Every structure is written in C-alpha cells, then in structure tokens.
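Here is the structure we will look at, set down as structure tokens.
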Ligand code: ADP
C-alpha cells in the first residue's frame, strides 16, 4: 500500500497488471512477455511493472504508425476537426490531473507542486498547438512564366519522440505539436518513468486521435530506443536527454539521413552582478538547482557571483539550504525530493567527491542520506574554478557550484567557457548591463532577473553540445514539417 493518500483513480491505475506498450489503440504486453520494474525513488521499492520491448515490438508499433500516416486518417482530417480533438485532449488531461500527477510523483520522485506545474505546462502546450492546424500556411514563390508553383508545408511522417525521466507528463505538449502538424508519433518514454505515457495515449484516443497516430513503446534506450532510431519506417527523431546519447542518436540517424532534433544537457551560468536584488537572486538560484533535485537541463548549476557580494549571497543561500525538508514529493512540507534512481544517486555522490578532490569547499551538505530511497543533501560548493569538473560537467543532482568574478568581461568569459549552451541567467538592476551581457552569452535562452520561465509560444533549445532544434513555439512547426513544391504548367497567362 502507498504511504501517502492518493486518489482512487491513481490507486486503481497503479494496481494495473502492466504498463504496456500502446499500439493501435490497445495497451499490450511485449510479444515475448518480458517486463521491467517500476521503482518509486522516494522508497527505493518496486511499485508496478512495465512492458520491456524488443525489436519485434518496435516493428509492430512502427507498422501501425506508418499505416495510420499513409492511410491519412489523422493527417488528412479537416484541420478544424484536428483542432477540436487536440483541445479535447488538454481538457481530458486536466480532468485526470490528480491521477496523472500522483503517478508521476511516484514514478519520478518529483515534488507534487512541480508535477502540478508540468501538468499545466503540458495542457498549455497542447492548447497552444491545438490552434495550429488551421494556420500552417504554405506559400507561393515567384516562378518562371507559364508556371505557377505552390509550396506546401506537409508533415514529415512518423516521428520517434524519445524522452527523459525528469518530467514525464511535460512531453505531452510535444506529442501535440507532432500531431498538430499531421505526423504520427511514437513516444518512447524513459525506462525509469513509463507510467504516464500510457495515460497520455488513453487520453488521446478518448479525445479522438485515431489509433496508430499515437503509439507508445516501453523499454530501455539501448535496445528499444536505438531500434526506433534505426528503423526504416521512422522518418525523424526528436530527442531530449544526455549528450552522449544524443550524439549516438545523431550518428545512428545519419545512416538513413533522418531529421534529428536534440535537446541535450546544460551547465547553465547564473550570473549575479553587485547591483542585483541579491535576496531575489539567491532565492531563484536555489529554486534553479533544488527544485527538481537538480534534475533539469536548465539547472543553474554554475552560479557566478561578483566578489564584492559573495559573502552576502552565500549567506542568503545557506539560510535557505540548511534545514531544508527532504522527503517524499507527496509531503507538502518537502522542499527537496529524491533523485530518480540508485545510479543517479551514485553519480551525484561521485561528483561531490570529485569536487572535494579538486579542492573546492563544501559550504553545505555533501552527503547522501542514510534513509530508504535515493536522497542526497543539497550541496553547495564554494571556491570553485571554471576548470574543475564540477564546473564543466553536468551532474543532474542537487549540487550548486559557486564561482567568483571581478568584472563583467570575466563573467562573460567564464559563462561562455563551457561545451554547453542551453541557458543562462543574468541578475542586475542595470538595463545596459543586462542587454550587453545577454548579447554576449552563447546560450539558447537568457533569463534576465528571472530564471526557468517557459511559455508555449516561446522557443526553447540549445547551442553547442546542448543540441540543436527548438521545442515550443512556432519553431516546432517548422521542425515538424517539410516543404513540397508543386509546379503547374499554366500556359501563357499574360
Ligand atoms: P539520462 O537522461 O538518464 O542520462 P539518456 O539521455 O541516455 O539518459 O536517456 C534519455 C532517453 O533516451 C531515454 O528514453 C532513454 O531510454 C533513451 N536512450 C538511451 N540510449 C539510447 C540510444 N542509444 N538510442 C535511443 N534512445 C536511447
């Protein structure tokens, strides 16, 4: 039995025999019957089982998606009807919000308030993309005499959507984007968090998305994910996850010259100038690293503070960090939850050791907790220099590295001296400083006097090793469509 009160709906969903693949509108086990454990990271215990797919399951899902695409049951539907069904999808999601949120708290170990935010984020994304089907215009370019040419904007085909475990339901907006552009979608959620993918598919079918237009495949990335990337019947891959996996996917996809969109990791600089609102910056810096136990691509894990305010800033951070409530995401007083798995806990611990070995100072925390589940103390390092591994490598855990700078040029130089380029934060009360620094930063997103704002109409993505391609906004519509030029010989129309 679960320790925290959860809704009847979540309880009965959790009691399902298996969280299967979803193929052609049916929740199905793997053809060979293999399954995998679903572990609650707050307790370190298995709570349910999911299908563990193999190549035959991938073949089955791809055949279904191809057929749905080629038949045109979704692709060729009246655009207004597409919009109505997508809108219904977000309504149904919100009607089941408690069930969905509770399952994600159990599956990913995230805090309930954060999961509530990801449900809203998903619903907002679906609403935003539900407005697009009637607005995806082609164009008419200048053409030689006696010809008329129309450039149609058409779907790509079958899109493989491969996603991580740090916000399982939040990818529903990306599913909606791929559907809004007329594609078929195969979602491969992370093997650590398979549960709500099944609910997304059920909600989609109930909203009127035809079977096969949205399928789900469960299983490890190295087998199921890789088979999806290599499959001849999959036309493009949209991936969010780590750099090594993204790089391997790009290489594998190149064999069939597939379009790939990669949203990878980050080592985002959070820069605090002396004229900033220091209390506000310190509060935001903590939210940016502790909010999901550091398991978010835009974690502001490199905090750059001007030397003149470093003591004041550190004091404000330590005040918030020490005595933080650590525990289950269901407990409303919890401020820091677990990390997702025992492997992730090992990774965080090993980086904390690396930081110590490199000569950085542990100003707070530094240890894993000796309780059931995968918990690590919020850990603040000071005396960090940018050449240290804890300043260069993505840890994906509750670890903040504080670096000092003397002037604006040095802040920009440190911020850009990284292989990543996902996001950055700039805290200053001077407008000119904010504009100069944001212009100089190599990052896909810059937040000024704020951090981690997202909105469905605003594109999101990285530069350098943080990837290419953009999620959200109109940019996704471009990513998910291609242009077909149709020439008509008109005779002499003059
Ligand atoms: P993490 O974010 O846990 O470090 P990854 O970036 O490897 O992990 O995982 C993100 C997603 O990519 C998951 O859904 C995972 O199953 C999938 N994945 C992992 N390896 C591959 C691969 N070689 N090909 C395709 N997908 C993969």
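Residue numbers (our numbering): 2 to 495. Using N, Cα and C, we set each Cβ at its ideal position, and we do this for glycine too. All values reported here derive from a predicted model rather than from experimental measurement.
heavy atom of the ligand ADP below 6 Å from residue i C-beta
{"i": "residue 249", "result": "yes"}
{"i": "residue 477", "result": "no"}
{"i": "residue 84", "result": "no"}
{"i": "residue 192", "result": "yes"}
{"i": "residue 246", "result": "yes"}
{"i": "residue 333", "result": "no"}
{"i": "residue 275", "result": "no"}
{"i": "residue 340", "result": "no"}
{"i": "residue 360", "result": "no"}
{"i": "residue 267", "result": "no"}
{"i": "residue 163", "result": "yes"}
{"i": "residue 226", "result": "yes"}
{"i": "residue 110", "result": "no"}
{"i": "residue 230", "result": "yes"}
{"i": "residue 243", "result": "yes"}
{"i": "residue 149", "result": "no"}
{"i": "residue 292", "result": "no"}
{"i": "residue 222", "result": "yes"}
Cβ-Cβ separation, residue j to residue i (assumed contact under 8 Å), whole Å
{"i": "residue 226", "j": "residue 189", "result": "5 Å"}
{"i": "residue 381", "j": "residue 322", "result": "6 Å"}
{"i": "residue 101", "j": "residue 180", "result": "In fact, because the Cβ distance is near 18 Å, the residues do not count as touching under 8 Å."}
{"i": "residue 442", "j": "residue 425", "result": "5 Å"}
{"i": "residue 466", "j": "residue 420", "result": "4 Å"}
{"i": "residue 49", "j": "residue 219", "result": "Actually they do not touch by this definition, with Cβ atoms about 12 Å apart."}
{"i": "residue 205", "j": "residue 164", "result": "Actually they are not in contact, since the Cβ atoms of residue 205 and residue 164 sit about 15 Å apart, beyond 8 Å."}
{"i": "residue 444", "j": "residue 423", "result": "6 Å"}
{"i": "residue 174", "j": "residue 115", "result": "Contact doesn't hold; Cβ gap of about 16 Å is too wide."}
Selected residue, minimal CA-CA separation from residue i, among the options
{"i": "residue 290", "options": "420, 57, 308 and 271", "result": "271"}
{"i": "residue 154", "options": "482, 487, 488 and 491", "result": "482"}
{"i": "residue 186", "options": "194, 204, 209 and 213", "result": "213"}
{"i": "residue 293", "options": "220, 307, 268 and 336", "result": "336"}
{"i": "residue 434", "options": "417, 455, 419 and 412", "result": "412"}
{"i": "residue 18", "options": "9, 29 and 25", "result": "29"}
{"i": "residue 1", "options": "423, 52 and 77", "result": "This structure does not reach residue 1, given that the chain is present from 2 up to 495, and the question cannot be answered."}
{"i": "residue 379", "options": "360, 469, 328 and 358", "result": "328"}
{"i": "residue 253", "options": "224, 267 and 274", "result": "224"}
{"i": "residue 208", "options": "127, 233 and 471", "result": "127"}
{"i": "residue 64", "options": "493, 106, 216 and 487", "result": "216"}
{"i": "residue 5", "options": "331, 372 and 33", "result": "331"}
{"i": "residue 178", "options": "487, 489, 476 and 486", "result": "476"}
{"i": "residue 484", "options": "430, 125, 152 and 391", "result": "152"}
Buried versus exposed call for residue i [16 or more other C-beta atoms within 10 Å across all chains shown]
{"i": "residue 408", "result": "exposed"}
{"i": "residue 2", "result": "Confidence is the limiting factor: at residue 2 the pLDDT is only 42, short of 50, which leaves the residue's position unreliable, though a coordinate-based value still follows. With fewer than 16 other Cβ atoms within 10 Å, it is exposed."}
{"i": "residue 141", "result": "exposed"}
{"i": "residue 397", "result": "buried"}
{"i": "residue 334", "result": "exposed"}
{"i": "residue 458", "result": "exposed"}
{"i": "residue 401", "result": "buried"}
{"i": "residue 406", "result": "buried"}
{"i": "residue 169", "result": "buried"}
{"i": "residue 480", "result": "buried"}
{"i": "residue 145", "result": "exposed"}
{"i": "residue 234", "result": "buried"}
{"i": "residue 372", "result": "exposed"}
{"i": "residue 268", "result": "buried"}
{"i": "residue 184", "result": "buried"}
{"i": "residue 436", "result": "exposed"}
Would you check if there are 3 or more beta carbon pairs closer than 8 Å linking the region 336-344 to the region 38-52? yes
Answer yes if the region 345-355 comes into contact with the region 367-377, meaning at least three C-beta pairs across the two stretches below 8 Å, and no otherwise. yes
Touching or not, the region 233-253 and the region 270-281, by the rule of three or more beta carbon pairs under 8 Å? no
With contact counted as at least three CB pairs below 8 Å, one residue from each stretch, are the region 48-61 and the region 84-92 in contact? no
Taking one C-beta from the region 300-310 and one from the region 109-127 each time, how about it: are there three or more such pairs within less than 8 Å? no
Pair every Cβ in the region 131-139 with every Cβ in the region 309-317, then say whether three or more of these pairs are closer than 8 Å. no
Given 8 Å, three or more beta-carbon pairs between the region 60-71 and the region 257-271: no
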